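Residues 40 to 704 (the numbering used here) make up the sequence shown, in order. Even for Gly, the Cβ is constructed at its ideal location relative to N, Cα and C. Predicted model, so just to flag it, every value in this text is computed and none were measured.
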Amino acid sequence: MSFVHLHTHSEYSLLDGASRISDMVRLAAETGMPAIALTDHGVLYGAIELFVQAKAAGINPIIGQEAYVATRSRHQKEGRADRDPYHLILLVKDITGYRNLIQLASLAHLEGYYYKPRIDKALLAEHTEGLIALSSCLGGEVANRLLERDEAGAEQAAMEYQRMFGDDYFLEIQNHGMEEQLRVNEGLVRISRRTGIPLVATNDSHYTRRDDAEAHDILLCLQTGTVVSETNRMRFQNDEFYLKTPAEMAERFRDFPEAVANTVRIAERCHLQLETRPLLPRFEVPAGETADGYLRRLAERGLKDRYPEMTAAVRDRFEMEFGVIADMGYAPYFLIVSDFIDYARSHGVAVGPGRGSAAGSIVSYALGITTLDPLQHGLIFERFLNRERISMPDIDIDFDDRNRDRVIDYVGQRYGQDHVAQIITFGTMKARAVLRDVGRALAIPLRDVDHLAKLVPPQLNMTLDKAVAMVPELAQAEKDPLFERLLKNARKLEGLVRHASTHAAGIVITPEPLQRYVPLQASITRGDKNGQEKRAVMTQYEMNAVQKIGLLKMDFLGLRNLSIIEDTLKNLEQTRGLRLDLGQIRWDDAATFALLQAADTNGVFQLESPGLRRLLQDMRPTSFEDITAAIALFRPGPLEGGLVDQYMKCKHGEQEIVSGGLQPG
Numbered sequence: 040m041s042f043v044h045l046h047t048h049s050e051y052s053l054l055d056g057a058s059r060i061s062d063m064v065r066l067a068a069e070t071g072m073p074a075i076a077l078t079d080h081g082v083l084y085g086a087i088e089l090f091v092q093a094k095a096a097g098i099n100p101i102i103g104q105e106a107y108v109a110t111r112s113r114h115q116k117e118g119r120a121d122r123d124p125y126h127l128i129l130l131v132k133d134i135t136g137y138r139n140l141i142q143l144a145s146l147a148h149l150e151g152y153y154y155k156p157r158i159d160k161a162l163l164a165e166h167t168e169g170l171i172a173l174s175s176c177l178g179g180e181v182a183n184r185l186l187e188r189d190e191a192g193a194e195q196a197a198m199e200y201q202r203m204f205g206d207d208y209f210l211e212i213q214n215h216g217m218e219e220q221l222r223v224n225e226g227l228v229r230i231s232r233r234t235g236i237p238l239v240a241t242n243d244s245h246y247t248r249r250d251d252a253e254a255h256d257i258l259l260c261l262q263t264g265t266v267v268s269e270t271n272r273m274r275f276q277n278d279e280f281y282l283k284t285p286a287e288m289a290e291r292f293r294d295f296p297e298a299v300a301n302t303v304r305i306a307e308r309c310h311l312q313l314e315t316r317p318l319l320p321r322f323e324v325p326a327g328e329t330a331d332g333y334l335r336r337l338a339e340r341g342l343k344d345r346y347p348e349m350t351a352a353v354r355d356r357f358e359m360e361f362g363v364i365a366d367m368g369y370a371p372y373f374l375i376v377s378d379f380i381d382y383a384r385s386h387g388v389a390v391g392p393g394r395g396s397a398a399g400s401i402v403s404y405a406l407g408i409t410t411l412d413p414l415q416h417g418l419i420f421e422r423f424l425n426r427e428r429i430s431m432p433d434i435d436i437d438f439d440d441r442n443r444d445r446v447i448d449y450v451g452q453r454y455g456q457d458h459v460a461q462i463i464t465f466g467t468m469k470a471r472a473v474l475r476d477v478g479r480a481l482a483i484p485l486r487d488v489d490h491l492a493k494l495v496p497p498q499l500n501m502t503l504d505k506a507v508a509m510v511p512e513l514a515q516a517e518k519d520p521l522f523e524r525l526l527k528n529a530r531k532l533e534g535l536v537r538h539a540s541t542h543a544a545g546i547v548i549t550p551e552p553l554q555r556y557v558p559l560q561a562s563i564t565r566g567d568k569n570g571q572e573k574r575a576v577m578t579q580y581e582m583n584a585v586q587k588i589g590l591l592k593m594d595f596l597g598l599r600n601l602s603i604i605e606d607t608l609k610n611l612e613q614t615r616g617l618r619l620d621l622g623q624i625r626w627d628d629a630a631t632f633a634l635l636q637a638a639d640t641n642g643v644f645q646l647e648s649p650g651l652r653r654l655l656q657d658m659r660p661t662s663f664e665d666i667t668a669a670i671a672l673f674r675p676g677p678l679e680g681g682l683v684d685q686y687m688k689c690k691h692g693e694q695e696i697v698s699g700g701l702q703p704g
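(1) For my contact list, residue 51 and residue 82 are in at a C-beta cut-off of 8 Å; report their separation, rounded to the angstrom.
(2) Rounded to whole angstroms, what is the Cα-Cα separation between residue 379 and residue 576?
(3) Name the residue from 381, 588, 376 and 257 whose alpha carbon lies nearest to the alpha carbon of residue 533.
(4) What separation, rounded to the nearest whole angstrom, lies between the Cα atoms of residue 677 and residue 435?
(5) Give me the Cβ distance between residue 423 and residue 399, rounded to the nearest whole Å; I'm assuming they're in contact under 8 Å.
(6) Touching or not, the region 298-307 and the region 223-243, by the rule of three or more beta carbon pairs under 8 Å?
(7) For the beta strand (DSSP E) that residue 277 lies in, which residues bound it at each end?
(8) Is it right to say residue 513 is buried, meaning 16 or more other beta carbons lie within 10 angstroms of its own, or is it exposed?
(9) Let me know if residue 631 comes out buried or exposed under the rule of 16 or more other beta-carbons within 10 Å of its beta-carbon.
(10) Just reading off the alpha helix (DSSP H) that residue 385 is part of, what are its end residues?
(11) Just reading off the beta strand (DSSP E) that residue 102 is part of, what are its end residues?
(12) Are the beta-carbon atoms of residue 537 and residue 77 separated by less than 9 Å?
(13) Chain C beta carbons: is any one of them nearer than 9 Å to that of residue 410?
(14) Per DSSP, which one or two residues make a beta bridge with residue 594?
(15) Would you identify the three-state DSSP class for residue 461, choosing helix, strand or coil?
(16) Given a cut-off of 9 Å on the beta-carbon distance, is the pair residue 604 and residue 389 in contact?
(17) Looking at residue 668 and residue 658, is the spacing between their C-beta atoms short of 9 Å?
(18) Would you kindly work out how many angstroms separate the C-alpha atoms of residue 396 and residue 425, rounded to a whole number?
(19) Considering only DSSP beta bridges, list what residue 244 is partnered with.
(20) Among 410, 244 and 643, which has the Cα closest to the Cα of residue 344?
(21) Can you give me the start and stop residues for the beta strand (DSSP E) that residue 76 sits inside?
(22) Whose C-beta lies closer than 6 Å to the C-beta of residue 248 among residues of the same chain, with five residues either side of it excluded?
(23) Could you tell me whether the region 316-329 touches the region 61-77, using the rule of 3 or more Cβ pairs below 8 Å?
(24) How would you label residue 187, buried or exposed, when you count the other beta carbons within 10 angstroms and need 16 or more for buried?
(25) Provide the residue(s) that pair with residue 155 in DSSP beta bridges, ordered along the chain.
(26) With H, G and I counted as helix, E and B as strand and the rest as coil, what does DSSP make of residue 645?
(27) So what does DSSP say about residue 148, is it helix, strand or coil?
(28) What runs of the alpha helix (DSSP H), each 4 residues or longer, lie entirely inside the region 606-647?
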């Protein structure tokens with residue numbers, strides 16, 4: 040018999056779910072399930088990840104949520120009565136349902152948050168179109184009333200939900216071998232027979248396979264700050280809360296084959312299609328002009344300022360770039376970026392010269408988005424944009440860290456506060472940290488766990504598997520049963536999401552109000568210019584998910600070094616009467632290179648880490664190109680591959696350069 044999981048929790052049910060979406064999708068595909076749902080607690084963090092991965096695996100993604108329904112109003116926030124909301128599974132059928140679920144998920148956080156993000160029945164009733172509702176687990180209202188031996192109240196609640204959702208409401212039966220669950224199921228069956236509300240079988244999975252149960256139990260200890268050996272703590276009763284196979288579910292519910300079959304019928308009602316085309320905000324251009332025409336006019340004016348003597352090379356490069364930008368429909372993007380950079384400069388906000396692939400664009404240079412001549416430095420436009428790679432342009436912009444928020448506020452005023460939000464990011468359990476977390480939950484002495492954790496090499500992207508392969512003492516430790524248990528569970532939890540926070544730089548700008556495209560929640564408040572905290576919002580989708588659905592993501596980076604430069608310029612003017620123009624500084628100043636060769640670079644952007652300072656001392660830079668090379672070389676690949684040593688020997692004439700075409704100058 041075919042079956043579809045409709046009640047599942049991933050790692051995005053923070054410190055409660057231990058399943059990776061990739062593992063869930065893989066298991067569903069391997070066991071022949073035609074679809075799989077994701078219903079994390081109160082959030083839609085993993086919705087786009089599920090959608091993309093399930094589509095790639097050839098199965099139907101069902102975006103959903105286990106919503107929290109306030110026992111009274113979502114606006115009431117007092118005491119225990121409002122701390123323990125009911126659970127309700129909501130599943131998306133189509134684009135209307137998707138937008139309704141986004142509204143519900145957003146308002147639960149922005150209006151109803153009280154210990155948990157809560158909706159209420161009044162709000163729910165306004166957003167039922169395109170959604171399927173399941174009565175949920177023992178935390179659902181119907182099950183809750185049955186546990187209280189109030190079957191009449193349970194039936195009344197079920198009928199209320201049926202009036203909201205009609206044929207898209209189902210009574211959810213579960214069987215994890217728990218006595219109270221079996222008693223609730225008996226009541227649900229009776230209510231179903233009396234009301235005609237159909238049953239559906241689910242398994243409330245919180246981990247992927249049965250043998251993940253211990254790792255999941257440890258995860259709960261991390262959530263509650265307890266240890267595994269404590270008796271009076273939050274725990275699941277057994278190891279049945281995993282993604283069971285269709286055969287296991289058919290056997291588990293052999294007396295209710297219709298409830299199993301209903302999972303497939305529900306999945307067949309769900310056929311969401313999401314747009315992925317670029318969704319650029321509207322930029323108001325002067326009357327009678329198009330975005331392409333206005334961009335050309337601004338860029339041509341800037342080009343004349345940048346290149347008083349227009350050469351064929353400049354003109355050809357400009358026309359090539361502009362043709363690509365126009366053909367790909369990205370003129371509004373360049374106008375948007377140019378506009379807020381102009382605002383920043385005209386309001387005393389220091390702006391960086393440009394970084395990343397955008398510095399290879401002569402159009403960006405002409406517009407003042409960047410201040411480095413791409414022709415002079417041999418920079419390639421195709422790394423930034425090309426017709427063969429259809430992706431949104433990505434320009435990282437540096438502002439001084441004291442005034443970055445002023446630019447974000449301007450963007451909000453320009454495009455509407457309900458069109459601009461910060462972006463969420465997720466912290467994950469890294470190799471060393473997860474060893475310490477699991478060791479604490481298992482009550483292993485701190486000194487022993489700390490010793491093991493310190494054996495993990497402090498390299499970028501280090502994993503426990505890599506560490507055990509590299510460090511014999513770690514491999515030896517696995518032979519001890521206690522440490523074997525520690526490492527086994529740490530491996531299962533390694534890389535899982537531990538917490539959510541606000542991305543340091545990411546901003547999303549949408550053509551229509553945000554809640555048409557992305558779910559929102561409150562972000563960490565920012566202080567205004569008077570030191571008063573103010574509320575901000577951020578997306579529930581992380582940066583990659585935001586881009587996958589076609590939205591414009593920009594990085595507004597707050598750079599301390601720009602503030603240092605601004606303070607230095609002011610200090611020079613106040614103390615020495617010297618008004619310094621950074622654009623006129625010589626690039627071959629001998630005194631500056633003497634400081635660089637001595638690695639006297641504290642406070643210099645990208646040149647102040649101990650490793651890079653050592654590299655500068657070895658390199659002894661004599662040109663700007665040497666600085667470029669130093670930054671390019673100071674990356675894991677060149678460092679680990681011995682290329683830095685090879686480069687130094689070639690530069691100092693100690694080793695022959697492989698090809699004459701690579702000779703400097």
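Quick look at the numbers:
(1) Within the sequence shown, numbered from 1, the residue matching residue 51 stands at position 12. Within the sequence shown, numbered from 1, the residue matching residue 82 stands at position 43. Correct: roughly 6 Å between the Cβ atoms.
(2) Counting from 1 along the sequence shown, the entry for residue 379 is found at position 340. Counting from 1 along the sequence shown, the entry for residue 576 is found at position 537. Between residue 379 and residue 576, the C-alpha separation is close to 20 Å.
(3) Mapped onto the sequence shown, residue 533 falls at position 494. Taking only the C-alpha atoms, the option nearest residue 533 is 257.
(4) Counted from its first residue, the sequence shown places residue 677 at position 638. Counted from its first residue, the sequence shown places residue 435 at position 396. In this structure, the CA atom of residue 677 is about 24 Å from the CA atom of residue 435.
(5) For the purposes of this step, residue 423 is taken as the residue at position 384 of the sequence shown. For the purposes of this step, residue 399 is taken as the residue at position 360 of the sequence shown. That belief holds up - the Cβ atoms of residue 423 and residue 399 are roughly 5 Å apart, short of 8 Å.
(6) yes
(7) For this step, residue 277 is matched to residue 238 along the sequence shown. Element bounds for residue 277: n/a, residue is neither H nor E.
(8) Start at 1 with the first residue of the sequence shown, and residue 513 comes out as number 474. It is buried - the Cβ of residue 513 has at least 16 other Cβ atoms within 10 Å.
(9) Locating residue 631 in the sequence shown gives position 592, counting from the first residue. Under this definition residue 631 is an exposed residue.
(10) Against the sequence shown, residue 385 aligns to sequence position 346. Element bounds for residue 385: 370-385.
(11) Looking up residue 102 in the sequence shown gives position 63. Per DSSP, residue 102 belongs to the beta strand (DSSP E) from 99-108.
(12) As a first step, residue 537 is located in the sequence shown; it is residue number 498 there, counting from the start. As a first step, residue 77 is located in the sequence shown; it is residue number 38 there, counting from the start. Cβ atoms of residue 537 and residue 77: not closer than 9 Å.
(13) Protein chains in the displayed structure number just one, and chain C is not present.
(14) Reading the sequence shown from its first residue, position 555 is the one you call residue 594. Residue 594 is bridged to 435 and 545.
(15) Locating residue 461 in the sequence shown gives position 422, where the first residue counts as 1. Strand, per DSSP.
(16) Locating residue 604 in the sequence shown gives position 565, where the first residue counts as 1. Locating residue 389 in the sequence shown gives position 350, where the first residue counts as 1. Cβ distance < 9 Å, so residue 604 and residue 389 count as in contact.
(17) Reading the sequence shown from its first residue, position 619 is the one you call residue 658. Reading the sequence shown from its first residue, position 629 is the one you call residue 668. Yes, they are a contact pair.
(18) For the purposes of this step, residue 396 is taken as the residue at position 357 of the sequence shown. For the purposes of this step, residue 425 is taken as the residue at position 386 of the sequence shown. Rounded to the nearest whole angstrom, the CA to CA distance from residue 396 to residue 425 is 12 Å.
(19) By 1-based counting over the sequence shown, the position of residue 244 is 205. Paired residues: 47.
(20) For the purposes of this step, residue 344 is taken as the residue at position 305 of the sequence shown. Ranking 410, 244 and 643 by Cα distance to residue 344 puts 410 first.
(21) Translated into the one-based positions of the sequence shown, residue 76 becomes position 37. Its beta strand (DSSP E) spans residues 74-77.
(22) Reading the sequence shown from its first residue, position 209 is the one you call residue 248. Closer than 6 Å at the Cβ level, and outside the excluded window around residue 248, lie 281.
(23) no
(24) If you number the sequence shown from 1, residue 187 lands on position 148. Result: exposed.
(25) Locating residue 155 in the sequence shown gives position 116, counting from the first residue. Bridge partners of residue 155: 153.
(26) Taking the sequence shown and counting its residues from 1, one reaches residue 645 at position 606. The answer is coil: DSSP assigns residue 645 none of H, G, I, E or B.
(27) Numbered from its first residue, the sequence shown carries residue 148 at position 109. The answer is helix: DSSP assigns residue 148 an H, G or I state.
(28) 629-636
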